[in-house]
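Chemist:
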Amino acid sequence: MIPLELTIKGLYSYRYEQTIDFRRLHDARLFGIFGAVGSGKSTILEAMTYALFGETERLNRSDNRAYNMMNLKSDELLVRFQFLAGPALADEYLFEVQAKRQKKNYEKVGTPKWRRMKRVNEDWIPEERSAVDIIGLSYENFRRTVIIPQGKFQEFLSLTGGERTRMMKELFNLQRFDLLNKTQRLGSRNNEQIQVISGRMQEHQVSPDELDIL
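So for the sequence shown, the numbering used here puts the first residue at 261; every next one is plus one.
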């Protein structure tokens, strides 16, 4: 995945609409996001995961997330994220989430609405697939490898063997080399066919030795 553009409005400290154009940074190949503590660096990364997966590091679904994420002086929360993904990173997508504060009840925020689009020629068409299908990473592995939250690198290092194996399979699409289940299924089908053929041979009173002679 390559980020193209991120628009944030009413999210945490970003009260007013801000747009980050990552295209200007691509040529540099390597760039950083710098700023003082509390300046909104982590918010930029959380905005991406929220638009993509509907998940954030600081708040979970039971934390009245839409309300707590929205800037207290804002009536609308908006995250719009454009990125490249797919084969050869040639497909352009737009993921957007929007929520609005209720006018009659300031402490109530409406259910966030997500929009997923894919660019086809010059038009945006609805995209039914999720970020997991498009990017090929679950939220857990996305945050472990693409966005490692502050203070969480030790968690990455402490993954169990099974967790690490699952993550590596997902990252590098290694499932295609996992032949155990396929071999077991093939073996089961072969055994079933052998039993069927053996049964037919017994019905015709033909033994394997006679077949060898023939």
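Heads up, the beta-carbon is just placed ideally off N, CA and C, and yes, glycines get one too.
(1) Hey, A311 and F355 are a contact pair by Cβ (cut 8 Å); roughly how many whole angstroms apart?
(2) Are the C-beta atoms of A326 and some chain C residue less than 8 Å apart?
(3) Which residues does DSSP list as the beta-bridge partners of I457?
(4) In the DSSP assignment, find the alpha helix (DSSP H) that holds K301 and state where it starts and stops.
(5) Buried or exposed: where does I394 fall if 16 or more other Cβ atoms within 10 Å of its Cβ makes it buried?
(6) Sort out for me which residues DSSP pairs Q342 with in a bridge.
(7) Mind checking who D393 pairs with in its DSSP beta bridge?
(8) Since I believe K378 is in contact with E387 (beta carbons under 8 Å), could you give me their beta-carbon distance rounded to a whole number of angstroms?
(9) In angstroms with no decimal places, state the Cα-to-Cα distance between L474 and I457.
(10) Spell out a yes or no on whether the segment 271-283 and the segment 346-354 are touching, meaning 3 or more CB-CB pairs, one atom from each, closer than 8 Å.
(11) Return helix, strand or coil for K333, following the three-state DSSP convention.
(12) Any idea what DSSP makes of T316, helix, strand or coil?
(13) Compute the beta-carbon to beta-carbon distance between L319 and N328, rounded to the nearest angstrom, for a pair I have assumed lies under 8 Å.
(14) Where does A296 fall in DSSP's three states?
Modeler: Per the coordinate set shown:
(1) Reading the sequence shown from its first residue, position 51 is the one you call residue 311. Reading the sequence shown from its first residue, position 95 is the one you call residue 355. Sure, about 4 Å apart at Cβ, within 8 Å.
(2) Absence of chain C from the displayed structure is noted, only one protein chain being present.
(3) Locating residue 457 in the sequence shown gives position 197, where the first residue counts as 1. Paired residue(s): none; I457 is not in a bridge.
(4) As a position in the sequence shown, residue 301 is number 41, starting the count at 1. In the DSSP annotation of this structure, the continuous segment of the alpha helix (DSSP H) that includes K301 starts and ends at 301-313.
(5) Translated into positions along the sequence shown, residue 394 becomes position 134. Buried: at least 16 other Cβ atoms inside 10 Å.
(6) Indexing the sequence shown from 1 puts residue 342 at position 82. Partner(s): E265, L354.
(7) As a working mapping, residue 393 is identified with position 133 in the sequence shown. When DSSP reads this structure, D393 sits in no beta bridge, so it has no partner.
(8) Start at 1 with the first residue of the sequence shown, and residue 387 comes out as number 127. Start at 1 with the first residue of the sequence shown, and residue 378 comes out as number 118. About 4 Å separates the two Cβ atoms, so the contact holds.
(9) Position 214 of the sequence shown holds residue 474. Position 197 of the sequence shown holds residue 457. Any answer about L474 is weak, because its pLDDT of 46 lies below 50 and its placement is not dependable; what the coordinates show is given next. Looking at the two C-alpha atoms, the distance is approximately 17 Å.
(10) The segment 346-354 and the segment 271-283 do not touch, with fewer than three beta-carbon pairs separated by less than 8 Å.
(11) Counted from its first residue, the sequence shown places residue 333 at position 73. Coil.
(12) Position 56 of the sequence shown, counting from 1, holds the residue named residue 316. If DSSP states are grouped into helix, strand and coil, T316 belongs with coil.
(13) Against the sequence shown, residue 319 aligns to sequence position 59. Against the sequence shown, residue 328 aligns to sequence position 68. Beta-carbon to beta-carbon, L319 and N328 are separated by about 6 Å, close enough to satisfy the 8 Å threshold.
(14) Against the sequence shown, residue 296 aligns to sequence position 36. If DSSP states are grouped into helix, strand and coil, A296 belongs with coil.
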